[in-house]
Amino acid sequence: MPELPEVETVVRGLSRHIVGQKIKQVKILSARSTLGFTPAKRQGLRGASIKNITRRGKGIIVSLAKQPATARSAGGSDLSLLIHLKMTGQLIYIPHSRHAELVSASKTKILKQVRGDKLEKGRLNYGHPDKNFIETMPSRHTRVWFELSKGNLYFNDQRRFGWVKLTPTAEVPNDKFFSNLGMEPFDKNFTPAFLYSAIQRRPKSNIKTIILDQSLVTGIGNIYSDEALFYAGIKPTRLGKSITKADTTKLVSAIKKVLEKGIKYMGTSVNTHRTPEGAMGQMQNYLVAYDRKDLPCRKRCGSTIKKIRLNGRGTHYCPICQK
DNA sequence: TGCCCCCTGCAG
DNA sequence: CTGCAGGGGGCA
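So the first sequence is residues 1 to 323, counted in UniProt numbering.
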């Protein structure tokens, strides 16, 4: 699912719901979705409390504070949970207070709406006719199940590309994934001058590939790169050496604009993205390029959006408005 | 710096 | 059935 706006939506939602709660137990339902859950670290996890939740690029950092008793006896550093949702990851939080209600609501809806052959017990609403429908958790795609003091947090991931890593907080800066990330798009240093000089270093790459490079600027993925290039009026296939300073100025504002818009609408739910409450984002209703193959250009230029393949990624653009 | 791959499910 | 999907790691 997730690019910066989707991850930011998840982080903000979780921050509201689970900061301050204690971790009572962690159940790993899919070992390959986890890293670093050694017996020693798992011991340190029990009773730890959730201090804060932050985003870096498309990655999530859940910082924990040790349980006082463990801190006294075991020593060692505080732990962090590092989470990447990759293509289909979800983090769904269901407070104890809402669980029974959801189970009962889901039974009613199952009887009313779901074709028998489509129903699989405990499945999230992926593919369900009612897009706001949540079945009971854990679902068949739940990979890690966190029992917290006031509710349950489920890491769901249909394709199992995502991961949950357990790492000492002091080691997070050295993490393979996080240490390779470039500039945050909302950092004050993400300027046209910065992007322009980076683009100059890659004269033979196309501009879409350049802005997808997470080691340069982090958080832009396939949806928001197409969106930003549309607003900037730049064809995704343009080579780095052809990009002017004026293009770069437009592109930097377009990137910030589309990411802000994505956050405002709580992300794009063309597929599996959900907020921690299980609701869909709404940004799919405001896309101008991505997922609009053969639909009219929203600038009313009279053309339709074309879809091509660029470095193996589906790429959408307006042949008239983007030069 | 591009390609294949990881995996699962859906649309055509 | 084939191809494709919000990502990114490893490999020429």
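Backbone N, C-alpha and C define an ideal beta-carbon position, used for all residues, glycine too.
{"Query": "Rounded to whole angstroms, what's the CA-CA distance from P2 to T244? Just pull it up for me.", "Result": "30 Å"}
{"Query": "Tell me the rounded alpha-carbon separation between A48 and M183.", "Result": "31 Å"}
{"Query": "Take T249 and list the residues in its own chain whose beta-carbon comes closer than 8 Å to its own, dropping the five residues that flank it on each side.", "Result": "P192"}
{"Query": "Helix or strand or just coil, what does DSSP make of A65?", "Result": "strand"}
{"Query": "Among residues of its own chain, excluding the 5 on either side of S215, which ones have a beta-carbon nearer than 8 Å to its beta-carbon?", "Result": "N180, L181, G182"}
{"Query": "Starting from R12, trace the alpha helix (DSSP H) both ways and give me its first and last residue.", "Result": "4-18"}
{"Query": "Going by DSSP in three states, D157 sits in which element: helix, strand or coil?", "Result": "strand"}
{"Query": "With DSSP as the reference, please indicate the residues paired to T304 in a beta bridge.", "Result": "P296"}
{"Query": "Which ranges does the alpha helix (DSSP H) cover as unbroken runs of at least 4 residues, wholly within the stretch 184-238, from first to last along the chain?", "Result": "192-200, 207-212, 222-232"}
{"Query": "How would you write the range of the alpha helix (DSSP H) that I255 sits in, first residue to last?", "Result": "245-264"}
{"Query": "Got a sec? Which residues, its chain only, sit under 6 Å from H128 by beta carbon, not counting five neighbours each side?", "Result": "Summary for H128: the model assigns pLDDT 48, below 50, so the residue's position carries little reliability; its value from the coordinates is reported in the next sentence. Nothing meets the Cβ criterion."}
{"Query": "So, is P276 buried or exposed, given that buried needs 16 or more other C-beta atoms within 10 angstroms?", "Result": "buried"}
{"Query": "Grab me the residues of G34's own chain with a C-beta within less than 8 Å of its C-beta, minus the 5 sequence neighbours each way, in chain order.", "Result": "This sequence places Thr at residue 34; Gly is not what is there. Same-chain partners within the cutoff: I28, R143, V144, W163, V164, K165, L166."}
{"Query": "For L81, tell me which candidate among Y286, G151, K51 has the shortest Cα-Cα distance.", "Result": "K51"}
{"Query": "Output the distance between the C-alpha atoms of R274 and T169, rounded to the nearest integer angstrom.", "Result": "27 Å"}
{"Query": "Enumerate in chain order the residues of its own chain whose CB-to-CB distance from F177 is below 8 Å, with the five nearest sequence positions on each side excluded.", "Result": "G59, L82, H84"}
{"Query": "With burial defined as no fewer than 16 other Cβ atoms inside 10 Å of the residue's Cβ, what is the status of R16: buried or exposed?", "Result": "exposed"}
{"Query": "Helix or strand or just coil, what does DSSP make of H273?", "Result": "coil"}
{"Query": "Considering only their Cβ atoms, is the gap separating I255 from I234 smaller than 8 Å?", "Result": "no"}
{"Query": "Can you give me the Cβ contacts of A289 inside the same chain, cut-off strictly under 8 Å, excluding the 5 residues immediately before and after it?", "Result": "D226, E227, L229, F230, I305, H316, Y317, C318"}
{"Query": "Among G240, K257, A31, which has the Cα closest to the Cα of Y286?", "Result": "K257"}
{"Query": "Expressed to the nearest angstrom, what Euclidean distance is found between the alpha-carbon atoms of G13 and E6?", "Result": "11 Å"}
{"Query": "So, is H141 buried or exposed, given that buried needs 16 or more other C-beta atoms within 10 angstroms?", "Result": "buried"}
{"Query": "Relative to the C-alpha of Q284, which candidate in P296, K261, L310, G314 has its C-alpha closest?", "Result": "K261"}
{"Query": "What would DSSP say about P138, mapped onto helix, strand or coil?", "Result": "coil"}
{"Query": "Looking only at its own chain, which residues have a Cβ that is under 6 Å from the Cβ of Q25, when we skip the five neighbours before and after it?", "Result": "E147"}
{"Query": "Quick one: what's got a C-beta closer than 8 Å to R32's C-beta in the same chain, skipping five residues either side?", "Result": "R160"}
{"Query": "Give the straight-line distance between the Cα atoms of R292 and D175, rounded to the nearest whole angstrom.", "Result": "37 Å"}
{"Query": "Go ahead and label K204 buried or exposed: buried means 16 or more other beta carbons lie within 10 angstroms of its beta carbon, across all protein chains shown.", "Result": "exposed"}
{"Query": "What is the rounded straight-line gap between the Cα of R223 and the Cα of G314?", "Result": "Checking the sequence, you will find Ile at residue 223 rather than Arg. In a straight line, the C-alpha of I223 is about 9 Å away from that of G314."}
{"Query": "Which stretch, first to last residue, makes up the alpha helix (DSSP H) that contains Q43?", "Result": "39-45"}
{"Query": "Taking the Cβ atom as the reference point for each residue, do T272 and G57 lie within a distance shorter than 8 Å?", "Result": "no"}
{"Query": "Less than 8 Å between the beta carbons of G240 and R202, yes or no?", "Result": "yes"}
{"Query": "Can you tell me where the beta strand (DSSP E) holding T54 begins and where it ends?", "Result": "49-56"}
{"Query": "State the CB to CB distance for the pair L153 and Y93, rounded to an integer number of angstroms; the pair is presumed to be in contact (CB under 8 Å).", "Result": "5 Å"}
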